[in-house]
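Structure first, commentary second.
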Amino acid sequence: MSNTPVSLHDAGEGDEPRCNTSSNPAFSSIIEARLSRRGALLGGLSADLGAMFVQPAPAAAQAATPAERMLGFAAVPTSEADRIAVPQGYTARVITPWGQPITGSMPAFSTRNTGAEQGMQVGQHHDGLHFFPIEGRSPDQGSSTDGLLVMNHEYIEPRFLHASRYAGQRLGGSAVVIANNQRDTDEVLKESNAHGVSVVRVARQADGTWAVRNDPRNRRITGLTPMEIAGPVRGSELVRTKYSPDGTRTRGTLNNCAHGVTPWNTYLTCEENWAGYFRNGTTVDQKPDLPREHARYGVPTARSRYGWELAASGADEFARFDATTKAASATEDYRNEPNAFGWVVEVDPFNPASTPVKRTHLGRFAHEGVVFGPAVEGRPVVAYSGDDAVFEYVYKFVSSRPYTAATANGSLLDEGTLYAAKFNADGTGEWLALAPGQNGLTAADGFGTLAEILVNTRAAADKAGATKMDRPEWGAVDPRTGEVYFTLTNNTRRQEGQVEPANPRARNQFGHIIRWREANNDHAATRFSWDMFVIAGPEAASRDLKGNALAADSLFACPDGLWFDSAGRLWIQTDIGESEQNRGDLAVFGNNAMLAADPVTGEIRRFLTGPKGQEITGVVTTPDRRTMFINVQHPGATTTADAFAAGTFNSLWPDGEGVPRSATVVITKDDGGPIGT
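What follows is the structure, given as structure tokens:
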């Protein structure tokens, strides 16, 4: 075979193309109108900008005790070094890197591993994660020394995955090798098995370090694992395929970004930029003819991102990535296969024999993650999710049935109402129901059934009039106030005429964090009030909760990961795109980092910086908050094609040699105290 490299992906880190062409108001116009009434200067920041930030109600502002300061650590400076840096008095160690054997025959890591061996190892490009105490009774109570670490693997870097085979060749980060319009089948298998979810038991050792334990619950869920389809879309004509003629099953989960944890102790993995894994070459009159459930999500008409449909074997599990209409009916080809992706998938980490379930009532889009409001006995379950693409929406699901701790399970997510958020200029907001007959969703427009609405969630939100946002990503709920926080990472497609004080520049590079309080503090309410928590950026173009510019210890850009610990600290992780890191206006921020914030005072302080070319993502602590786990994704991604050919990777993290590897980092305080104090 010829080894001619072909790059199939030019979108950088797997971001979806802009697909929202609706006329719904952008968040820019809403904030402009609001600030105009407050006397702020449009098109730039001013001293008056601080007036837009609302302080939490005094009753909700519970200060940390003197024994536990909210930000009791010295900030680390920005860094361009190829290492993890944490505050003085803390130690960071690596665990569960890509290729760590966890199940089956436990094959040792090598870039020569086969596709089958990768299916027994930790996947590549770690993302969202959670630590489940080993007792298996609660997602956040129980052992702080022994548990199941469950993590997502968002995407892959083929040149690192196959580094031994293609050493010396000039390959960029997204390049795959195609010859005679075919791909090596085992390479495709390895890439598919490097996606998905890893479930692995970890425990603290006598010396304070953590280690992987061999356990029957250790498991890999990949792009090939059989899945059930549940909720209103189950059985719909829109998900019937050759593999599942009755529309009840599919294979695999892909581009697993952030996650969620249910009150009943299961893990939710969220499918984000899945559309590029498929292609649809259907044409009419020599022009592309894609249904809206493909076009609105950016399914390409040429090759897919990794070209899995070109596997030389022609095996059905890979041929399905070609969604071109090829037969007389949908049950004879894979025209509907993309419709089985873009969902939230429930995994029971304590039952390795269980089948993952795609919970379709949570909507179909580029799910960054999902976060639950507090589970209250006798009240509905409420879950929030962001659609991580420019000018897309924030969503909320409210269950029909109430939560009962003794009987709660995933079926609670199959019946309810999905809403899209509308942010009004006066600081109020409303949740627009995405249901037949409501908010303009009618059969005449192709929204006659709930299944049609959910498969076309984005189009339904367009029609309902939701507010277009700047890449809604992770969400978090303050355990003390119930306020909901969401990161809005950036939107460089914003034009001069759309400049907004919340993103106070054209080509918004820096992002912000929004928060809202539901009416009557009821997460199931249909109205809310919103405001800004922080506007990210350099000192000249940023504001904290009090309206002050961010300083050396607090400045950051492109907020992404977001999580509250049980004491009420807000942890913020950054994702400056690999092609922009340490360049131009983003150079001041250094490598991607993690910061901690006090949501009462608005103080922010940098806690961690990562190695070269990576994204810091995923964060959780043990129940006692004395051990923290975070993920480092795609270190070395800034390695150029020429450097790869020369074997000089831009990062050697974490091993100091060989190829860079995504990995989990375990952080402890040297005095044994809670993290952050």
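In this note's numbering, the protein residues as written are 924 to 1600. Each residue gets a CB set at the ideal place from its N, CA and C atoms; glycine is no exception. Every value quoted in this text rests on a predicted model; they were computed, and no experiment measured them.
Looking at residue j and residue i, is the spacing between their C-beta atoms short of 8 Å?
i            : j            : result
residue 1357 : residue 1343 : yes
residue 1543 : residue 1049 : no
residue 1229 : residue 1257 : no
residue 1010 : residue 1512 : no
residue 1088 : residue 1233 : no
residue 1514 : residue 1003 : yes
residue 1405 : residue 1446 : yes
residue 1285 : residue 1312 : no
residue 1076 : residue 1193 : no
residue 1522 : residue 1576 : no
residue 1318 : residue 1302 : no
residue 1146 : residue 1115 : yes
residue 1051 : residue 1217 : no
residue 1191 : residue 1283 : no
residue 1015 : residue 1160 : no
Go ahead and pull the three-state DSSP assignment for residue i.
i            : result
residue 1133 : strand
residue 1079 : coil
residue 1494 : strand
residue 1041 : helix
residue 1593 : coil
residue 1243 : coil
residue 1052 : strand
residue 1393 : strand
residue 1399 : strand
residue 1444 : helix
residue 1156 : coil
residue 1014 : strand
residue 1089 : coil
residue 1527 : strand
residue 1512 : helix
residue 1576 : coil
residue 1094 : coil
residue 1187 : coil
residue 1231 : helix
Based on Cα-Cα distance, which residue from the options lies nearest to residue i?
i            : options                : result
residue 1574 : 1182, 1354, 1006       : 1006
residue 1142 : 1128, 1117, 1132       : 1117
residue 1272 : 1082, 1172, 1581, 1184 : 1184
residue 1025 : 1139, 1235, 1304       : 1139
residue 1055 : 1221, 1074, 1286       : 1074
residue 1000 : 1518, 1217, 1413, 1551 : 1518
residue 1433 : 1419, 1461, 1182       : 1461
residue 1189 : 1347, 1072, 1394, 1016 : 1072
residue 1268 : 1151, 1524, 1453       : 1151
residue 1149 : 1270, 1472, 1062, 1057 : 1270
residue 1418 : 1330, 1032, 1314, 1451 : 1314
Could you spell out where the alpha helix (DSSP H) holding residue i opens and where it closes?
i            : result
residue 1108 : 1108–1116
residue 1380 : 1380–1387
residue 1290 : From DSSP, residue 1290 is part of no alpha helix (DSSP H); its letter is neither H nor E.
residue 1565 : 1564–1569
residue 1216 : 1215–1218
When you compare only the Cα positions, how much space is there between residue i and residue j?
i            : j            : result
residue 1352 : residue 1598 : 35 Å
residue 954  : residue 1180 : Interpretation of residue 954 is limited by its pLDDT of 47, a score under 50 that renders its predicted location unreliable; the figure taken from the coordinates is listed afterwards. Spanning the two alpha carbons is a distance of roughly 29 Å.
residue 1108 : residue 941  : 32 Å
residue 1475 : residue 1155 : 50 Å
residue 1038 : residue 1126 : 28 Å
residue 1448 : residue 1567 : 53 Å
residue 1281 : residue 1221 : 21 Å
residue 1237 : residue 1019 : 33 Å
residue 1174 : residue 1420 : 44 Å
residue 992  : residue 1596 : 11 Å
residue 1618 : residue 1414 : Summary: the structure shown does not reach residue 1618, with the chain confined to residues 924 through 1600, and so no result is reported for it.
residue 1546 : residue 1341 : 31 Å
residue 1551 : residue 1588 : 8 Å
residue 1247 : residue 1231 : 14 Å
residue 1320 : residue 1336 : 8 Å
residue 951  : residue 1370 : Annotation note: pLDDT 47 at residue 951 (below 50); position unreliable, no value reported.
What span of residues does the beta strand (DSSP E) with residue i cover, start to end?
i            : result
residue 1182 : 1179–1184
residue 1344 : 1339–1346
residue 1410 : 1407–1411
residue 1486 : 1482–1487
residue 1193 : 1190–1194
residue 1143 : 1142–1144
residue 1540 : 1538–1544
residue 1248 : From DSSP, residue 1248 is part of no beta strand (DSSP E); its letter is neither H nor E.
When you compare the CB of residue i with every CB in chain B, is at least one pair closer than 8 Å?
i            : result
residue 1066 : Checking the listed chains, one finds no chain B in this structure; it contains a single protein chain.
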